[in-house]
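A.B. asks: I have a structure I would like to understand better, so I am pasting it below and will then ask my questions one at a time.
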Amino acid sequence: MRVAQLGSGTPEVAVVAGVHGDEPCGVRAVERLLDERPTVERPVKLIVANEKALERRVRFVDEDLNRTFPGDPNATTHEGRLAHELVAELDGCLTFSMHSTQSHADPFAIVNAMSERTTELVPRLPVAAMVETGNFAEGRLFSEIQTIEVECGLQGSETAAQNADRLTRAFLTAVDALPGDTVTRELPVFRLTDVIRKERADTYEVFVENFAEVEPGQTFAAADGDEQVAAEPFYPVLMSSNGYRDVFGYAAEKVDVLQSTGTAD
Ligand SMILES: [Zn+2]
C-alpha cells in the first residue's frame, strides 16, 4: 500500500485507488495529483491500495479486497491483512474510492446508504446515478469507513482514466480541498434489491442496458442460450456478461431523483 498526502495536518478526506488491481484508472488520477501537487485548502490523504495486485494486473492476489473488510492483522490472505491496514489508515476520513467496471461506460456513484453527506456531495460529482447497496454492502470498504465509491468507466479504458481524474477533482472541490465551484446535477438514486445469479456456462449474454427499466416478461440475459426472463420490473445495475464469476449483476429499484439546485457555493 502506498500512502501519501497533499497539504499538512491530519487529513479528514482521503482518495483511494487500486482496491482492485485490474482497475488502473484511479491510480492514474492519484499519480497525477502527486505529480502536480496542487495547493490544497485542507489536507488530503492519497492511497494506492493493492499494489501487489496492480503489479500483477489482477483483481486480487488471494481474495477480493472489497469483500474482505474489516480484515484482520493475522489473516492468512494478503487482502485480509491489507483490509485491516487500510481501515486503520482511513480511520476518520471521508473516503473517495475509485473503481472501473465491465458493465457501464458512464460514471456512477455507489454508497452504503443515503445520508445528509452523500445527498449533498454526490450530486456535485459528474456522475449519472447514485446506487445504494443497502443489504449488499457486506465486506465492502464502506461497511467500515464512510466512503463514496465511484465507477469511473470501462476497465482499462483511457476514458475511465480521464473520468477518474475529473471525478477526483470534483470530489476534492466539493469537500473544499481544492478551490472553485461544482455544478449540482439532477441525480436518480437506485437501491439494490437482488443479486442476479448465473449458472455455470460457456457463454453468457446480457440483453439490457444498465439503469434502464426491464419490463416483466422481458428476456434480460442468457447462459449458454438458456434465457432468463423478468418476472417483476427492475433496473439492472452492474450487469455484464463476464464481469463477475457467478453473478450477472444486480437488480435495483429507483427510489428517488435528487433535484438540481444550480451552482453550489
Ligand atoms: Zn473495483
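Each residue of the sequence shown is one higher than the last, beginning at 0 in numbering that gives the first Met the number 0.
Glycine is no exception: its CB is placed at the ideal position from the N, C-alpha and C atoms.
Out of curiosity, what's the CA-to-CA distance linking A263 and N49?
C.D. replies: Locating residue 263 in the sequence shown gives position 264, counting from the first residue. Locating residue 49 in the sequence shown gives position 50, counting from the first residue. Confidence at A263 is low in this model, with a pLDDT of 46, below 50, so its placement is unreliable and no value can be given for it.
A.B. asks: I want to check one thing, is the minimum distance from the CB of V311 to the heavy atoms of ligand 1 below 7 Å?
C.D. replies: What the structure shows of the chain is the stretch from 0 to 264, and residue 311 is not part of that stretch, so it cannot be assessed.
A.B. asks: Near L191, what residues of its chain come up, given a Cβ to Cβ distance below 8 Å and the 5 sequence neighbours on each side ignored?
C.D. replies: The count along the sequence shown starts at 1 and reaches residue 191 at position 192. Correct list, in chain order: V130, E131, T132, G133, N134, F135, V236, Y249, A250 and A251.
A.B. asks: Checking 8 Å against the spacing of the C-beta atoms, do L53 and L32 come in under that value?
C.D. replies: Start at 1 with the first residue of the sequence shown, and residue 53 comes out as number 54. Start at 1 with the first residue of the sequence shown, and residue 32 comes out as number 33. No, Cβ-Cβ distance for L53 and L32 is not below 8 Å.
A.B. asks: Within the region 174-249, note down every full beta strand (DSSP E) run reaching 3 residues or more, in order along the chain.
C.D. replies: 186-196, 203-205, 218-222, 225-228 and 234-236
A.B. asks: Applying the 10 Å Cβ sphere with the 16-neighbour rule, what's the burial state of S96?
C.D. replies: Taking the first residue of the sequence shown as 1, we reach residue 96 at position 97. So S96 ends up on the buried side.
A.B. asks: Within the present structure, is the beta-carbon of H98 separated from the nearest heavy atom of ligand 1 by less than 7 Å?
C.D. replies: Along the sequence shown, read from residue 1 onward, the residue named residue 98 stands at position 99. Within the cutoff, so yes.
A.B. asks: Thinking just about the alpha-carbon of each residue, which of G224, V256, G79 and P72 is nearest to the one in E63?
C.D. replies: Position 64 of the sequence shown, counting from 1, holds the residue named residue 63. Sequence check: residue 63 is Asp here, not Glu. D63 has its Cα closest to that of G79, out of G224, V256, G79 and P72.
A.B. asks: Measuring only from the beta carbon, is V18 closer than 7 Å to any heavy atom that is part of ligand 1?
C.D. replies: Here residue 18 corresponds to residue number 19 of the sequence shown, with the count starting at 1. Indeed, a heavy atom of ligand 1 lies less than 7 Å from the Cβ.
A.B. asks: With 16 as the cutoff for other CB atoms within 10 Å, does P215 come out buried or exposed?
C.D. replies: Along the sequence shown, one-based indexing puts residue 215 at 216. Its Cβ having fewer than 16 others within 10 Å, P215 is exposed.
A.B. asks: Closest to P69 by CA distance: which of E137, R196 and S102 is it?
C.D. replies: For this step, residue 69 is matched to residue 70 along the sequence shown. Ranking E137, R196 and S102 by Cα distance to P69 puts E137 first.
A.B. asks: Any heavy atom of ligand 1 closer than 7 Å to the CB of E40?
C.D. replies: What you label residue 40 is simply residue 41 of the sequence shown in a count that begins at 1. For ligand 1, not one heavy atom lies less than 7 Å from the Cβ of E40.
A.B. asks: Going by DSSP, which residues form a beta bridge with V47?
C.D. replies: Taking the sequence shown and counting its residues from 1, one reaches residue 47 at position 48. Looking at the DSSP assignment, V47 forms a beta bridge with R1 and A16.
A.B. asks: Using 10 angstroms around the beta-carbon of T9, count the other beta-carbons present and answer buried if the total reaches 16, otherwise exposed.
C.D. replies: What you label residue 9 is simply residue 10 of the sequence shown in a count that begins at 1. By the neighbour-count rule (16 or more Cβ atoms within 10 Å), T9 is not buried but exposed.
A.B. asks: Closer than 7 Å to a non-hydrogen atom of ligand 1 - does that hold for the CB of N65?
C.D. replies: Here the question's residue 65 lines up with position 66 in the sequence shown. Answer for N65: yes, Cβ within range of ligand 1.
A.B. asks: Checking 8 Å against the spacing of the C-beta atoms, do Q150 and T100 come in under that value?
C.D. replies: The residue given as residue 150 occupies position 151 in the sequence shown. The residue given as residue 100 occupies position 101 in the sequence shown. The amino acid occupying residue 150 in the given sequence is Glu; Gln does not appear at that position. Going by C-beta atoms, E150 is nearer than 8 Å to T100.
A.B. asks: Does at least one heavy atom of ligand 1 sit under 7 Å from the Cβ of E22?
C.D. replies: On the sequence shown, residue 22 is found 23 positions in, with the first residue counted as 1. Checking the Cβ of E22 against ligand 1 gives yes.
A.B. asks: In chain order, what residues of the same chain have a beta carbon less than 7 Å from the beta carbon of V39, not counting five sequence neighbours either side?
C.D. replies: Numbered from its first residue, the sequence shown carries residue 39 at position 40. Within the same chain, V39 has close Cβ partners L5, G6, A176 and L177.
A.B. asks: What residues in its chain sit with their C-beta under 7 Å from that of P106, if we drop five residues either side in the sequence?
C.D. replies: Counted from its first residue, the sequence shown places residue 106 at position 107. Hits under 7 Å: P125, V126, A127, V149, E150, C151, G152, N162 and L166.
A.B. asks: Going along the chain, which residues of its own chain have a beta-carbon closer than 8 Å to the beta-carbon of A230, five neighbours each way excluded?
C.D. replies: Here residue 230 corresponds to residue number 231 of the sequence shown, with the count starting at 1. The residues are P215.
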